[in-house]
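S.K.: Before I ask anything, here is the structure I am working with.
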Amino acid sequence: VKSLAFLLIIHYFIIWADSDVRLVGGGGPCAGRVEVLHQGQWGTVCDYNWGVEDAAVVCRQTFCGDAVAPTGNANFGEGTGSIWMGGVSCRGSESTLKDCGREEWILQHCRHSWDAGVVCSGRTHVLIKIRLAEGCSGQLEVFYNGTWGNVCFNQMDTNTASLICQHLNCGDSRSIFSAWSRLKGALNWLDYLKCRPHDSTLWQCPSSNWGDNRCEEGEVAQIHCKGHPPMRLRGGSSECSGGVELWHNCSWGTVCDDSWDLRDAQVVCRQLGCGTALEAHGNSAFGRGNGTIWLNEVNCRGDELHLWDCPHSLQEQRSCSHKEDAGVTCAGGTGAADRLDVRLVGGDGPCAGRVEVLHQGQWGTVCDHKWDMKDAAVVCRQMFCGDAVEPRGNADFGAGTGSIWMHAVACNGSESTLTDCGHDGWGRHHCDHGEDAGVVCSEYKEIRLAEGCSGQLEVFYNGTWGNVCFNQMDTYTANLICQHLTCGKSVTVFSTRSRLKGAPNWLDSVECRPQDSTLWQCPSSNWGDNKCQEGEVAQITCEGNLLCSLSLLGCGTALEALGNSAFEQGNGTIWLNDVNCRDLPGLEAQYDMLASGPEPAYSDCPVLPGDVRLVNAESPCAGRVEVFHEGQWGTVCHHWWDTEDAAVVCRQMFCGEVVLAKGYGQFGEGTGKIWMEDVACKGSESTLKDCGHNGWGRNDCGHHQDAGAICSGRTHVPAPTRLIDPHGENHPCSGRLEFQHLSSWYTVCDPDFDLQDAKVVCRQLGCGIPVEEPRVAAFGKGGGQVWSKKINCTGDESDFRQCLRSSTEEQNCTHKTDVGLKCFCNGTSELELNPLVGGPDSCSGRVELQYLRTGPIWLDEVDCEGNETSLWDCPSAPRGQNDCAHKEDVGVVCSGVNI
Numbered sequence: 001v002k003s004l005a006f007l008l009i010i011h012y013f014i015i016w017a018d019s020d021v022r023l024v025g026g027g028g029p030c031a032g033r034v035e036v037l038h039q040g041q042w043g044t045v046c047d048y049n050w051g052v053e054d055a056a057v058v059c060r061q062t063f064c065g066d067a068v069a070p071t072g073n074a075n076f077g078e079g080t081g082s083i084w085m086g087g088v089s090c091r092g093s094e095s096t097l098k099d100c101g102r103e104e105w106i107l108q109h110c111r112h113s114w115d116a117g118v119v120c121s122g123r124t125h126v127l128i129k130i131r132l133a134e135g136c137s138g139q140l141e142v143f144y145n146g147t148w149g150n151v152c153f154n155q156m157d158t159n160t161a162s163l164i165c166q167h168l169n170c171g172d173s174r175s176i177f178s179a180w181s182r183l184k185g186a187l188n189w190l191d192y193l194k195c196r197p198h199d200s201t202l203w204q205c206p207s208s209n210w211g212d213n214r215c216e217e218g219e220v221a222q223i224h225c226k227g228h229p230p231m232r233l234r235g236g237s238s239e240c241s242g243g244v245e246l247w248h249n250c251s252w253g254t255v256c257d258d259s260w261d262l263r264d265a266q267v268v269c270r271q272l273g274c275g276t277a278l279e280a281h282g283n284s285a286f287g288r289g290n291g292t293i294w295l296n297e298v299n300c301r302g303d304e305l306h307l308w309d310c311p312h313s314l315q316e317q318r319s320c321s322h323k324e325d326a327g328v329t330c331a332g333g334t335g336a337a338d339r340l341d342v343r344l345v346g347g348d349g350p351c352a353g354r355v356e357v358l359h360q361g362q363w364g365t366v367c368d369h370k371w372d373m374k375d376a377a378v379v380c381r382q383m384f385c386g387d388a389v390e391p392r393g394n395a396d397f398g399a400g401t402g403s404i405w406m407h408a409v410a411c412n413g414s415e416s417t418l419t420d421c422g423h424d425g426w427g428r429h430h431c432d433h434g435e436d437a438g439v440v441c442s443e444y445k446e447i448r449l450a451e452g453c454s455g456q457l458e459v460f461y462n463g464t465w466g467n468v469c470f471n472q473m474d475t476y477t478a479n480l481i482c483q484h485l486t487c488g489k490s491v492t493v494f495s496t497r498s499r500l501k502g503a504p505n506w507l508d509s510v511e512c513r514p515q516d517s518t519l520w521q522c523p524s525s526n527w528g529d530n531k532c533q534e535g536e537v538a539q540i541t542c543e544g545n546l547l548c549s550l551s552l553l554g555c556g557t558a559l560e561a562l563g564n565s566a567f568e569q570g571n572g573t574i575w576l577n578d579v580n581c582r583d584l585p586g587l588e589a590q591y592d593m594l595a596s597g598p599e600p601a602y603s604d605c606p607v608l609p610g611d612v613r614l615v616n617a618e619s620p621c622a623g624r625v626e627v628f629h630e631g632q633w634g635t636v637c638h639h640w641w642d643t644e645d646a647a648v649v650c651r652q653m654f655c656g657e658v659v660l661a662k663g664y665g666q667f668g669e670g671t672g673k674i675w676m677e678d679v680a681c682k683g684s685e686s687t688l689k690d691c692g693h694n695g696w697g698r699n700d701c702g703h704h705q706d707a708g709a710i711c712s713g714r715t716h717v718p719a720p721t722r723l724i725d726p727h728g729e730n731h732p733c734s735g736r737l738e739f740q741h742l743s744s745w746y747t748v749c750d751p752d753f754d755l756q757d758a759k760v761v762c763r764q765l766g767c768g769i770p771v772e773e774p775r776v777a778a779f780g781k782g783g784g785q786v787w788s789k790k791i792n793c794t795g796d797e798s799d800f801r802q803c804l805r806s807s808t809e810e811q812n813c814t815h816k817t818d819v820g821l822k823c824f825c826n827g828t829s830e831l832e833l834n835p836l837v838g839g840p841d842s843c844s845g846r847v848e849l850q851y852l853r854t855g856p857i858w859l860d861e862v863d864c865e866g867n868e869t870s871l872w873d874c875p876s877a878p879r880g881q882n883d884c885a886h887k888e889d890v891g892v893v894c895s896g897v898n899i
């Protein structure tokens, strides 16, 4: 599949977006009189001062190789019309002839007998491919003239990196920096690659000539994109078991089982939300897959968030066959409680409400037929909500929407999860949402440390605060508890006597595992079942203060501070008064705490993130990195400073993702101590101080080597957008459009949703551009809520949500009009072009569009102005809509220049 930037099927190459030069009269496309397009007219170039540097620019701009000879004196015949340029003075590195200097005064002395020309070495049919060494991250490499080589870092910026990531279907760029080449002896093919805002494909971006570079060692471009290729399990008994497949280069492929073990499987299960890995399979245990084998020699530690974070090789694996496909079995597919697939909705709290279960990626309800106390007991236990008080029916908590997943549920009361209970089969029922089942549980659970971020660990269960015992508790468990309470990491954990007289010991033997992401997933004794002696209550001290370590909401800049209960009066305790924040990158506040219990009043919070800051830049999320140690601020030396180190700083500063790691005092030279050198972060640390380094104050650096960082800033993370295909095609680039807004998934039903809107969605998903008009209900009816406001994209938005703010106009919508769309995937990124059809030569013939390559007539009523870069930029009737027959197919005859 080729990018739609290449859809005009012509011979050899398309030229740059500035298609304003041609060669005429030379008997071929790569020799002739030079003519330029200006003010809508072609004119010639005077040969005054015309030299090989000028000819080189023309040859490169027309994709005709190197300049062989500049010619003058109308060697290829005299032109007609205007003489547009004279006294041209190119350096040889310009992207287009129009970028070169020229002397306007000479034009009055020129005539067509002085028309300039060139002879170029000619075009050879080559493939140009581009890749990141590790799929969606790694060194940027380009395949040219049969060899993989490097792309240098010089002048490369985030716009260029973003276009590369989108070109490779990897989303947007996360960071870009320079590195040493991983390819020994490889050529540096490209340098000074810098894309402009109007460049829509990578190949339109200006750069140096092939092989012409000023690239030093350690200056190869390395890019990390935000996207990871989608992954799925195939052929198993549930959605949480099967052969591992991943989406790359617009096709599904498998993973080779060489070195495949339980640690790799654990990462897959976690990434898919399937709980703990039970078994890592090899030898095509779930049947042989199809397509490319993308991964081999995967070597995970087991604690990575994504399979792509593990060491691996992402490329076509020719040393494996599909009889060696890898697979996994996860606990989520066997009924283990690692996977929370039930929720309560519409009640007054988290432990009462309409029962909803997650199946096939969608939430749905449970019918109340035969719904009883045993069924409710399983739900309450699974939700850590104590005992069942009452089962409810008849949509007592409101009618749900979407699927009704379960009917005639028959639990015996001892099951771990509701999905372990018998029922009539997923989606099989004769109910409506007026019969949705619900439950009321005895109480929800809550956890606290007695002094906020330190003190005895206590849990609220069945209406009573009680103790958590120390038995088997380790620092990993204590860390997760501190994080659960937004108190940072644990500093100490030990045992003590209970401060609550007569309180029950509610929990014992709490021991969290590496795969547990929330406290309630950690194994423990049953409620009230313990072997806790006096003096064995757990006491934990966390590193952060509860209120001072609150995460930012990620909602951008504050627009207004409101008082007088502008959003109605709240309930419960008033905890804070006299809040007095200062405008610092972290969170720093002074306040008085008012409380109804024994909690002490805090008067002063430490600065958060406390011991790191970014200075000397216009943004609080960029600047020179400084750390606080022994009562003094000092800098960090840039030796071995990279994006993993900068990422820790950005996260610690609540500043989003790292964009660039800077060195050489680019944010100015600091003063005082240089506290850290040779910083070696893995990227997952909570604070910069947790990273390895040479020791405090030990360095051989000067302040001209101070390190810096540029972070993405405190912006709200874009809400997920997805395309859902209920027909099981599992293609991430086509389906029903859904997006997440305020924790709920919405479908789109706007009847005016058009290609302009679809273009934004396809680009955001890394799926190229839409291949057809959006269709209503083409991919079935969705569940959940329907977005009823009008959507109006300009086509330039980077995030589909930006279109939602364009209008407040409401529409009458139902799921019958849910919008679906298909995007065109960029594929292998090869530049491989074919001739016009049916003409006497390669520059005349019938125009065809590579748009699924088969019979439809895609365009009608095309109305170009003549200066568009692509035929797709011209106004036309909607794609595929026409009143034509193939006897009306259009054609062109060109002058001999491939455009």
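The sequence shown begins at 1 in UniProt numbering and counts up one residue at a time. Backbone N, C-alpha and C define an ideal beta-carbon position, used for all residues, glycine too. Fair warning: this is a prediction, and the values are worked out from it, not measured in the lab.
1) Which first and last residues belong to the beta strand (DSSP E) in which GLN632 is found?
2) Does the stretch 67-84 come within contact of the stretch 136-145, defined as at least 3 CB pairs closer than 8 Å?
3) For LEU507 versus SER525, is the C-beta spacing smaller than 8 Å?
4) Quick check: what's the CA-CA separation for GLU626 versus ALA221?
5) CA-CA distance, VAL45 and ASN213?
6) To the nearest whole angstrom, what separates the beta carbons of SER175 and VAL786, a pair I think is in contact under 8 Å?
7) Which class does ALA352 belong to by DSSP, given the choice of helix, strand or coil?
8) Work out the CA separation of SER162 and GLY735 for me, nearest whole Å.
9) Quick check: is the beta carbon of THR96 nearer than 8 Å to any beta carbon in chain D?
10) Starting from the Cα of SER251, find the closest Cα among PRO732, PHE286, ASP54 and give me that residue.
11) Pull the bridge partners of SER495 from the DSSP assignment, please.
12) Would you mind listing the alpha helix (DSSP H) stretches within the UniProt domain "SRCR" (231-331) that are 4+ residues and don't spill past its ends, in chain order?
13) List the residues that DSSP assigns as beta-bridge partners of SER89.
14) Compute the Euclidean distance between the alpha carbons of GLY364 and VAL328, then round it to the nearest angstrom.
15) Count the CB pairs spanning the stretch 668-678 and the stretch 692-700 that are closer than 8 Å, and state whether there are at least three.
16) Indicate the three-state DSSP secondary structure (helix, strand or coil) for ASN694 in the structure shown.
17) On the three-state DSSP scale, how would you describe SER175?
18) Inspect the beta-carbon positions of GLU511 and GLN539 and report whether they are closer than 8 Å.
19) Would you give the residue range spanned by the alpha helix (DSSP H) that ALA69 belongs to?
20) Any idea what DSSP makes of HIS430, helix, strand or coil?
21) Could you check where the alpha helix (DSSP H) with GLN756 kicks off and where it finishes?
22) Tell me the DSSP secondary structure of LEU107 in three-state form.
23) On the DSSP letters alone, give me the boundaries of the beta strand (DSSP E) that CYS711 sits inside.
24) Name the two residues that bound the continuous alpha helix (DSSP H) containing GLU644.
25) Compute the Euclidean distance between the alpha carbons of HIS430 and CYS655, then round it to the nearest angstrom.
26) Could you have a look at GLN666 and say whether DSSP puts it in helix, strand or coil?
27) Count the other CB atoms within 10 Å of the CB of VAL428; is the residue buried (16 or more) or exposed (fewer)?
28) Whose C-alpha, out of GLY40, GLY287, PRO70, is nearest the C-alpha of VAL34?
29) Quick one: what's got a C-beta closer than 6 Å to GLU377's C-beta in the same chain, skipping five residues either side?
30) Could you pull out every residue in the same chain whose Cβ sits closer than 7 Å to the Cβ of GLY780, ignoring the five residues on either side in sequence?
31) Does DSSP classify ASN188 as helix, strand or coil?
32) What distance in whole Å lies between the Cβ atoms of CYS487 and CYS453, which are believed to be in contact at a cut-off of 8 Å?
33) Would you mind sorting GLN632 into buried or exposed? The rule is 16 or more other CB atoms within 10 Å of its CB.
34) Can you grab the Cα-Cα spacing for the pair ASP99 / THR817, in whole Å?
35) When you compare only the Cα positions, how much space is there between ASN467 and VAL776?
36) In the DSSP assignment, what residue or residues form a beta bridge with VAL658?
M.R.: Judging by the given coordinates:
1) 632-636
2) no
3) yes
4) 26 Å
5) 29 Å
6) About 38 Å separates the two Cβ atoms, so there is no contact after all.
7) strand
8) 25 Å
9) The structure shown contains no chain D, having only a single protein chain.
10) PRO732
11) ALA538
12) 262-271
13) GLY101
14) 27 Å
15) yes
16) coil
17) strand
18) no
19) From DSSP, ALA69 is part of no alpha helix (DSSP H) but of the beta strand (DSSP E) over 67-71.
20) coil
21) 755-764
22) helix
23) 708-711
24) 643-652
25) 51 Å
26) coil
27) A small correction: the amino acid at residue 428 is Arg; Val does not occupy that position in the sequence shown. It counts as exposed.
28) PRO70
29) The sequence given here places Ala at residue 377; Glu does not occur at that position. Correct list, in chain order: ALA388, GLY413.
30) PRO726, ARG736
31) strand
32) 4 Å
33) exposed
34) 51 Å
35) 56 Å
36) CYS711
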